[in-house]
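Residue numbers (the working numbering): 33 to 300.
We treat Cβ as the ideally placed atom computed from N, Cα and C, and that holds for glycine.
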Amino acid sequence: MASPDLLSLAGQRALVTGAATGIGKGIVEALAKAGADVALNYRSHGEEAEKLARTVEAMGGKAVALQADVSKEAEVISLFDAAERDLGPIDIVVSNAGLQRDAKIADMTLEDWNTVIEVNLTGSFLIGREAIRRFRGKGMGQSRSLGKLVFNSSVHQRIPWAFHANYAASKGGLKLLMESLAQEVAPERIRVNAIGPGAIATAINAAEREGDGEKEMLKLIPYGRIGEPEDIGRCVAWLVSDAADYVVGQTIFIDGAMTLYPEFRGNG
Ligand code: BGC
């Protein structure tokens, strides 16, 4: 008898937030490639989300693009209702939506602070809570676990980030939100994990990469290249698959070794 393909996501349904562009898009493509049907959440990039949904369909999967603001409780609940109505019970949730509002601390407005905390941290709470509620109401499906929840965190859940205090605080909070949820629901065979991307080439850091920016960034990346959304997508597809069935409550840094204090390496 052929051994089961532990990396396959065939017969499973995923919901990805912030799915239309950047890292979210890379995650959607990787999940679809592994065989999952995908509900793509977006807030403002409707056209891109629809286009990506058609790409997933062309790959042979089902897909639906759904608008919702992850920081709004009622919208998150409606999002899950719509995803389940269109695809069926959701086995995989990737809480990916996030943003930056950078400012020096003395110039940071309360709105800069609140916007980042509301989307990155409260949004993760709302998506995570709803994911767990829905996992509890479904059967085991095709997987060894009842449900898989992945938060998109950052290297900045570990590395302090001057001039980005709101963002770093949101990701530091997300780390312990993830670990606490993982501990709470592991006995129900729900796997909660996070990824911690480093510098990935997307719109969020386009300004940072301009001019000499990219050269400066590379000094912080021992592996010597900026990451691509596909680097993240491949790792998430593995993390939610049965190949990673014993990985629970971990943050997988996907960062070309940015978290290894590269400035201490010197030149040997
Ligand atoms: C941020 C990017 C930044 C990277 C490395 C990410 O979490 O969103 O803007 O380039 O961390 O510092």
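Counting of Cβ neighbours within 10 angstroms places A138 among the exposed residues, the total staying below 16. Using a cutoff of 8 Å, the CB of V187 counts as near the ligand BGC, since one of the ligand's heavy atoms is closer than that. Cβ-Cβ separation between T53 and A238: approximately 11 Å, too far for a contact (criterion under 8 Å). Here the alpha carbon of I124 sits roughly 20 Å from the alpha carbon of L208.
Exclusion of M91 from the 8 Å shell around the ligand BGC follows from its C-beta lying no nearer than that to any non-hydrogen atom of the ligand. Setting aside the 5 residues that flank it on each side, Q44 is surrounded in the same chain by A68, D123, I124, G173, Q174 and S175, each with a C-beta closer than 7 Å to its C-beta; the list follows chain order.
The C-alpha of G300 is placed about 40 Å away from the C-alpha of L153. Distance check between I264 and each of A226, E295 and V279 places A226 closest, using alpha-carbon atoms only.
Three or more beta-carbon pairs separated by less than 8 Å are not found between the stretch 192 to 212 and the stretch 72 to 79, which leaves the two stretches without contact.
Distances from the alpha-carbon of V182 to those of R257, I191, G93 and V272 put V272 closest. Assignment of K207 by DSSP, reduced to helix, strand and coil, places it in the helix class. A66 is the residue among A62, A106, A66 and E61 whose C-alpha sits nearest the C-alpha of L39.
Across the set G288, S110, I59 and A218, the C-alpha of I59 shows the shortest separation from the C-alpha of A85. If only uninterrupted alpha helix (DSSP H) runs of at least 4 residues are considered, those enclosed by the stretch 228 to 294 are 238 to 241, 245 to 250 and 261 to 271. DSSP, reduced to helix, strand and coil, places G93 outside both helices and strands of the structure shown, so it counts as coil. Between R190 and T291, the alpha-carbon positions lie close to 8 Å from each other. Comparing C-alpha distances from M91 to each of A64, S110 and T283 shows the shortest one belongs to A64. Straight-line spacing of the CA atoms in R266 and A62 works out to 6 Å. The alpha helix (DSSP H) runs lying completely inside the stretch 43 to 83 and spanning 4 residues or more are 54 to 65, given in chain order. The beta carbon of G204 lies closer than 6 Å to those of Q189 in the same chain, with the five residues before and after it left out. Residue range G179 to N184 is occupied by the beta strand (DSSP E) that includes F183.
Not a single heavy atom of the ligand BGC lies less than 8 Å from the C-beta of A81. Just measuring C-alpha positions, the residue of V108, A81 and R221 sitting nearest A97 is A81. For the 9 Å CB-CB criterion, G243 and N184 do not form a contact.
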